Structures are given as C-alpha cells and as structure tokens.
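Under the working numbering, the first residue of the sequence shown carries the number 110, and numbering increases by one thereafter. Ideal placement from N, C-alpha and C gives every residue a C-beta, glycine not left out. Every value quoted in this text rests on a predicted model; they were computed, and no experiment measured them. Beneath this line is the structure, given in structure tokens, with notes to follow.
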Amino acid sequence: MERFLFYSSLFVLLLMALSLYRAIAGPTPLDRILGGNAIGTKTTVLIIFIGIIFERVDMFVDIALAYAMLNFIAVIAASRYFHKKGREADFY
C-alpha cells in the first residue's frame, strides 16, 4: 500500500508541475487562475495521501477540507476581480 501511495504522490506532483507551468506561462489571467486552482486541488489530494501514510486520516481530512475551501474562495475572489477589471476596460 505504501508503494502505491508513493507512486500516486509522485504522479500528482508531476501533474502539479504541469499546472504550475500553466499558471506561470498562461497567456491570459484565466489560464493563471485555472492553473492555481488545479495546484490547490492537487495539494488537497496530497494532504489526504499524507494522512493515509501517517494513519491519521481524520485529522488530515479536516486540514484538506479547510485548504480546499480557502482555494475555492481565492479562485472566486480572483475571478470577480478580473471580471470587474475587464468590465471597466470595456466601459472606457
């Protein structure tokens, strides 16, 4: 089981690296927001994997849920900011 979690964690880290590339090199702000959201989602999965490895899933699930809520709120705030910024640019 530990080997499976190890390789799963490595795969998730690889996916996070691809999302990091999208967040840094994204041509639009929307691409950067989506890249950051993907990184946050994969971080939540990694936190749960860590909880399984340390056999403290109950504690790490709470941490992962709190992190996921913060990630969601950050994405909504960034989306609203860029939506308002785009609307002001169209107005002038």
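Annotated three-state conformation of F163 is coil, per DSSP. Under the three-state reduction of DSSP, G135 is assigned to coil, being neither helix nor strand. Linking Y176 to M125 through their CA atoms gives a straight-line distance of about 16 Å. Burial state of F169 is buried, judged by a 10 Å Cβ sphere holding 16 or more other Cβ atoms. Under a 10 Å Cβ-count criterion, T137 is classified as exposed, with fewer than 16 other Cβ atoms of the shown protein chains found around its own Cβ. For the set H192, I148, D167 and I172, the Cα lying nearest the Cα of L127 is the one of I148.
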